[in-house]
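Engineer: Each residue of the sequence shown is one higher than the one before, starting from 95 at the first, in our numbering.
If you scroll down you'll find the structure; I have some questions about it.
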Amino acid sequence: MPIDAARPYDDQNIFAKILRGEIPSTCIYQDEWAYAFPDINPQAKLHVLVIPKGAYVSWDDFSAHASAEEIAGFIRAVGHVARAHDLVAPGYRLLANVGAHGGQEVPHLHVHLFGGQPLGPMIARR
Ligand code: 5GP
């Protein structure tokens, strides 16, 4: 069920629990700013979620309220994960769903990183 991206941060969300180690995940990469792990329901050969370590509901919350250091650290982490998987030459896709129209279900900012295959149209055709 999509979330309201304007709501306050809920520290009981599933990615907050993953960050605290209360729910298992496989670490692909982490640093001071970000944590990357495989999506539990992959939509492509490679489907990684990259999340900031800070408590931000969505891209909107993050872009409005995160520090310049947090933003730079997070964006660099996404780029690092892509390069570490040799995705630059073949190409890849980043996606951040925001709120109801975006279909965001987990209320902690996450960037989906898809790769390893041609990814088709950017938005599903109806
Ligand atoms: P959203 O629709 O919010 O952009 O995407 C949420 C993503 O989180 C979905 O692709 C879903 O498969 C993934 N997801 C939900 N719960 C878990 C979990 O417990 N572990 C992992 N690794 N991924 C999850």
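Positions of the beta carbon are idealized from the N, C-alpha and C atoms, including for glycine.
Keep in mind the model is a prediction, meaning the values are calculated, not measured.
1. Could you round the C-beta distance between VAL182 and VAL142 to whole angstroms and report it? I think they count as a contact, below 8 Å.
2. Measuring alpha carbon to alpha carbon, tell me which of PHE168, ALA166, PHE208, SER157 ends up nearest ALA99.
3. So is the beta-carbon of SER161 under 8 Å away from any non-hydrogen atom of ligand 1?
4. Taking the beta strand (DSSP E) that ARG187 belongs to, which residues open and close that run?
5. Under a Cβ-count criterion, where at least 16 other Cβ atoms within 10 Å of its own Cβ denotes burial, should GLN211 be classed as buried or exposed?
6. Any heavy atom of ligand 1 closer than 8 Å to the CB of ASP105?
Structural biologist: On the basis of the coordinates in this document:
1. Contact flag wrong, Cβ pair sits at about 15 Å.
2. Among PHE168, ALA166, PHE208, SER157, the Cα nearest to that of ALA99 is on SER157.
3. Between ligand 1 and the CB of SER161, the shortest heavy atom gap is not smaller than 8 Å.
4. Segment 187-189, the beta strand (DSSP E) holding ARG187.
5. GLN211 should be labelled exposed.
6. Not one heavy atom of ligand 1 is found less than 8 Å from the C-beta of ASP105.
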